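Single-structure report; data block below.
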Amino acid sequence: MPLIRDTPEEELSPYLRQHTGNPVNWYPWGDEAFDRARREDRPVFLSIGYSACHWCHVMAHESFEDPVTAAALNASFVSVKVDREERPDVDAVYMEAVQSITGSGGWPMSVFLTPDRRPFYGGTYFPPDDRQGMPSFRTVLAALTNAWEHRRHEVEEQADELSDAIAARSVIHTRPGAPSVFAAAGPGGSGRPSDLLAPAVDDLAERFDPIWGGFGAAPKFPQPTLVDLALRHSLRHRGEESGARSEHMAVLTLEAMAAGGIHDHLGGGFSRYSTDTQWLVPHFEKMLYDQAGLLRAFLHGWQVTGQPDFLRVVEGIVGYVGRDLTGDDGGVYSAEDADSEGVEGRFYVWTPGQIAEAVSPGPDGPGPHTAEVCDAVTAWFGVTAVGNFEGHSILRRPVGEPLVGPAAVESGRRLLFEARTARVRPGLDGKVLTEWNAMYASALAEAASATGDPAWEDAAVSIGEFLCRHLVDADGRWLRSWQPGGGARHLAFAADYAWLVDCFTRLGELTGRARWTRCAVDTAEALLALFRDDHGGFFTTGHDAEPLIVRTKEVLDGATPSANAVAALSLARLGAVTGDGRYTDAARQVVETVGDLLTRHPTAFAHTVLTADLLLNGLTEVVITGDRPDLLDVARNRWLPGAVLAWGEPTDSPLWQDRDGDRAYVCRNHVCRLPTDDAHTLDDQLAEVAS
4 MPLIRDTPEE ELSPYLRQHT GNPVNWYPWG DEAFDRARRE DRPVFLSIGY SACHWCHVMA
64 HESFEDPVTA AALNASFVSV KVDREERPDV DAVYMEAVQS ITGSGGWPMS VFLTPDRRPF
124 YGGTYFPPDD RQGMPSFRTV LAALTNAWEH RRHEVEEQAD ELSDAIAARS VIHTRPGAPS
184 VFAAAGPGGS GRPSDLLAPA VDDLAERFDP IWGGFGAAPK FPQPTLVDLA LRHSLRHRGE
244 ESGARSEHMA VLTLEAMAAG GIHDHLGGGF SRYSTDTQWL VPHFEKMLYD QAGLLRAFLH
304 GWQVTGQPDF LRVVEGIVGY VGRDLTGDDG GVYSAEDADS EGVEGRFYVW TPGQIAEAVS
364 PGPDGPGPHT AEVCDAVTAW FGVTAVGNFE GHSILRRPVG EPLVGPAAVE SGRRLLFEAR
424 TARVRPGLDG KVLTEWNAMY ASALAEAASA TGDPAWEDAA VSIGEFLCRH LVDADGRWLR
484 SWQPGGGARH LAFAADYAWL VDCFTRLGEL TGRARWTRCA VDTAEALLAL FRDDHGGFFT
544 TGHDAEPLIV RTKEVLDGAT PSANAVAALS LARLGAVTGD GRYTDAARQV VETVGDLLTR
604 HPTAFAHTVL TADLLLNGLT EVVITGDRPD LLDVARNRWL PGAVLAWGEP TDSPLWQDRD
664 GDRAYVCRNH VCRLPTDDAH TLDDQLAEVA S
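Here our numbering is used: the first residue of the sequence shown is 4, the next is one more, and so on.
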């Protein structure tokens, strides 16, 4: 493939296309770049980032747009650009190298490789000038060029050591002889289903911020799975001190995020993370996967507590994604940038003067209530002349105070939103990723079921239809990324398949259509065939994918739950829906592979902890036969994290065997309650299995 900058039409990634005008001779990841490096005996500079990454833009402006720096790169290196969202497999391998070198990672990621793709040096952002003990990017280039030309043996030794370190970090290190997770919780253990949740919640409590919520110090990330973990524990221990503690941690975290500047109080949705402990100053990029995770967390918070503000936050997320991220054909785009007009956050911040202008009715001058609305809005959102962010104000609310205000505030909110639409919007990453779309559709399907909102159901189904229409090839192989006008490319990864199984299973539960369950089964079969490791768990890449220097296996939760954790949960739920024990066995094998790490480091494997708890505690199967919308409403009225629902079109699952009439069946651990056609009786039965 030719240089990126010479043929931008060859590249669909918005991130790569952002660099087509650089004086750096960028190549996309592929054999051509490494063949050239081998022929010319050059090292490879690998730069990995994504389109909404603020510091990626900074480094691009400071270094990649600089002719002197570009000349140094072009003279001594072969430079390769990778969009981490299109190629998470490449990102995962070289992130391990950077973490081995520096002890941390992030983006932009800068890695230097031998022509055979082994890393020998790396870091993240490098400044244009030496500062605060950090070498400039040009200093790094000069030093590495010198080492390559004059100390090649040191480079080769470092490459060998780092490659070994990557391989070692890609192996799950459980204690030899540690008891089975399931055996420890069964006979001979306490047998209590909370065995795994309790130590995880204790770990959360040690990291919990009692003032501002969240877990850990700044920068603060939302971590929806940790909120879910606390909510799940609170359900099981209602009326107990431990349950009250876990509910408090979840509720304060949700309230503080909803009140803070990380939440878009005008347009809905959330920024990526907060730079401070108060959730006030975000990095302003908005990622689809954050909307998906937080939609679920706030939905479950509403279901557990009944707090109306949590549902309003859910409505805001759905409104934002539908309005600003969803394409005309139903696919959902990946992200919006932090910057507009070259300034981080400019689209979102306000001054008192800008608010006064926004609430003014027009050329005829202020109306009788203009001053009232202006004063109400500035007070409600804490806008001051000094500001709280570089002379401007990020809109925020006091924690625990209502998010919806009196009429003057709500009138002003609408006017501010309208005025903001005239501003230059942040850049849009218009690629549609299978994983993130399936993740969001899955959460939206759950929200549509819980609220009964038909528009949300239509939107969730539309995403599922889009994925089936555009992101699977003629041979049935799922693909990773789709771009308007360019189609789909790159083989999908384990995370894509795992979320698709979850998405299709939940669409089946939402719509009662057997078609979606069949899609889930087909995708699960492909997941097992392409990605399963006979020694346990799932590899990131399929057996048919390009081989990298290490075949990684994603087990640690990060910004999103790990691929193995999602695969385990989705397969466990599908196993309950279909009655196919192979799926349940595969889910159990993932949990066994992680082993005692679930109790030693529970919050690092939180999503797997939730799956293990579900398998230990047993799934509840709810089947509603015939035409009983009242019974269906009862089944949907409460959060049942350990339940699956079958209704509508029967399938060949054992759940439907010898079951007919207009009634409900509730079973758990192969023990069934008496079938009932009474809504109150069903509600009582579900209350017994709610946790």
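Where is the CB? At the ideal position from N, CA and C, for every residue including glycine.
Given the structure is predicted, the values throughout are model-derived calculations rather than measurements.
Exposed or buried, what is residue i when buried is set at 16 or more other beta-carbons lying within 10 Å of its beta-carbon?
| i | result |
| --- | --- |
| asparagine 620 | buried |
| leucine 677 | exposed |
| arginine 248 | buried |
| proline 91 | buried |
| aspartate 38 | exposed |
| histidine 64 | exposed |
| serine 50 | buried |
| valine 362 | buried |
| glutamate 691 | exposed |
| histidine 673 | exposed |
| arginine 639 | buried |
| glutamate 421 | exposed |
| aspartate 167 | exposed |
| serine 183 | exposed |
| valine 380 | buried |
| threonine 105 | exposed |
| glycine 24 | exposed |
Please report how far the alpha carbon of residue i lies from the alpha carbon of residue j, in whole angstroms.
| i | j | result |
| --- | --- | --- |
| glutamate 160 | threonine 148 | 16 Å |
| proline 213 | glycine 219 | 11 Å |
| arginine 671 | threonine 623 | 5 Å |
| leucine 1 | arginine 521 | Nothing can be reported for residue 1, as the shown portion of the chain is limited to 4 through 694. |
| valine 321 | valine 335 | 12 Å |
| arginine 423 | valine 324 | 17 Å |
| leucine 398 | glutamate 375 | 18 Å |
| tyrosine 500 | alanine 682 | 37 Å |
| aspartate 205 | alanine 571 | 24 Å |
| glycine 664 | serine 337 | 45 Å |
| serine 173 | lysine 556 | 6 Å |
| aspartate 525 | glycine 333 | 22 Å |
| tryptophan 439 | arginine 154 | 44 Å |
| isoleucine 358 | threonine 437 | 39 Å |
| glycine 394 | alanine 388 | 8 Å |
| serine 79 | proline 130 | 19 Å |
| threonine 611 | alanine 532 | 21 Å |
| glycine 136 | glycine 263 | 34 Å |
| threonine 228 | alanine 201 | 15 Å |
| serine 103 | leucine 470 | 37 Å |
| alanine 446 | glutamine 21 | 31 Å |
| leucine 577 | leucine 116 | 42 Å |
| leucine 431 | glycine 455 | 31 Å |
| alanine 495 | glutamate 88 | 11 Å |
| glycine 385 | serine 396 | 8 Å |
CB-CB under 6 Å to residue i, same chain, minus the five flanking residues each way: which ones, in chain order?
| i | result |
| --- | --- |
| serine 694 | Leu238, Arg239 |
| threonine 256 | Gly216, Gly217, Val230 |
| arginine 235 | Pro644 |
| valine 435 | Gly334, Trp485 |
Using a Cβ-Cβ distance under 9 Å, would residue i count as near chain C?
| i | result |
| --- | --- |
| glycine 24 | The displayed structure is made up of one protein chain only, and chain C is not part of it. |
Between residue i and the rest of its own chain, which residues show a CB-CB distance below 8 Å, the 5 nearest in sequence each way excluded?
| i | result |
| --- | --- |
| valine 71 | Arg141 |
| cysteine 59 | Tyr18, Gly52, Tyr53, Trp110, Pro111 |
| glutamine 306 | Ala453, Arg641, Trp642 |
| threonine 614 | Ala568, Ala571, Leu572, Ala575, Ala590, Val593, Val594 |
| leucine 406 | Ala261, Ala262, His268, Asp312, Arg315, Val316, Arg400 |
Is residue i near the ligand PLP, in the sense that its beta carbon is under 8 Å from a heavy atom of that ligand?
| i | result |
| --- | --- |
| glutamine 102 | Judged by which ligands are present, the structure shown has none, so any question about the ligand PLP falls away. |
Apart from the five residues just before and just after residue i, which ones in its own chain have a Cβ nearer than 7 Å to its Cβ?
| i | result |
| --- | --- |
| glycine 271 | Gly319, Ile320, Gly322, Tyr323 |
| threonine 628 | Arg662, Asp663, Gly664, Asp665, Arg666 |
| valine 254 | Gly304, Thr308 |
| leucine 648 | Glu512, Val625, Ala638 |
| phenylalanine 763 | Residue numbering for the chain in the displayed model covers 4 to 694; residue 763 lies beyond these limits and cannot be assessed. |
| glutamate 449 | Arg299, Leu302, Arg509 |
| valine 143 | Phe129 |
- [ ] Check whether the segment 36-53 touches the segment 112-125, counting contact only when three or more Cβ pairs, one atom from each stretch, lie closer than 8 Å.
- [x] Segments in contact, yes.
- [ ] Mind the definition here: the segment 450-470 touches the segment 398-414 only if three or more C-beta pairs lie below 8 Å; say whether that holds.
- [x] In short, these stretches do not touch, since the Cβ pair count stays below three.
Task: Within the segment 454-483, ranges of the alpha helix (DSSP H) (whole runs, at least 4 residues) - done: At a cut-off of 4 residues, the continuous stretches assigned as alpha helix (DSSP H) that sit fully inside the segment 454-483 are 457-473.
Task: Ranges of the beta strand (DSSP E) found wholly within the segment 597-672, counting only runs of at least 3 - done: Unbroken beta strand (DSSP E) stretches of 3 residues or longer found wholly inside the segment 597-672: 623-627, 646-650, 667-671, given in chain order.
Open item on the list: Count Cβ pairs between the segment 474-489 and the segment 348-362 that sit closer than 8 Å; are there 3 or more?
Closed with: No: fewer than three Cβ pairs fall under 8 Å.
Task: Whole beta strand (DSSP E) elements within the segment 287-326, 3-residue minimum - done: Under the rule that a run must span 3 or more residues, no beta strand (DSSP E) segment is found entirely inside the segment 287-326.
Open item on the list: Does the segment 582-594 come into contact with the segment 533-543, if we say contact requires no fewer than three beta-carbon pairs (one atom in each stretch) closer than 8 Å?
Closed with: Contact holds: three or more Cβ-Cβ distances are below 8 Å.
Open item on the list: Quick check for students: name the residue ranges of the beta strand (DSSP E) that lie wholly in the segment 16-101, counting only runs of 3 or more.
Closed with: Runs found: 29-31, 47-52, 81-86.
- [ ] Mind listing, in chain order, the continuous beta strand (DSSP E) runs of no fewer than 3 residues lying wholly within the segment 229-282?
- [x] Listed in chain order, nothing qualifies, since the segment 229-282 has no complete beta strand (DSSP E) run of 3 or more residues.
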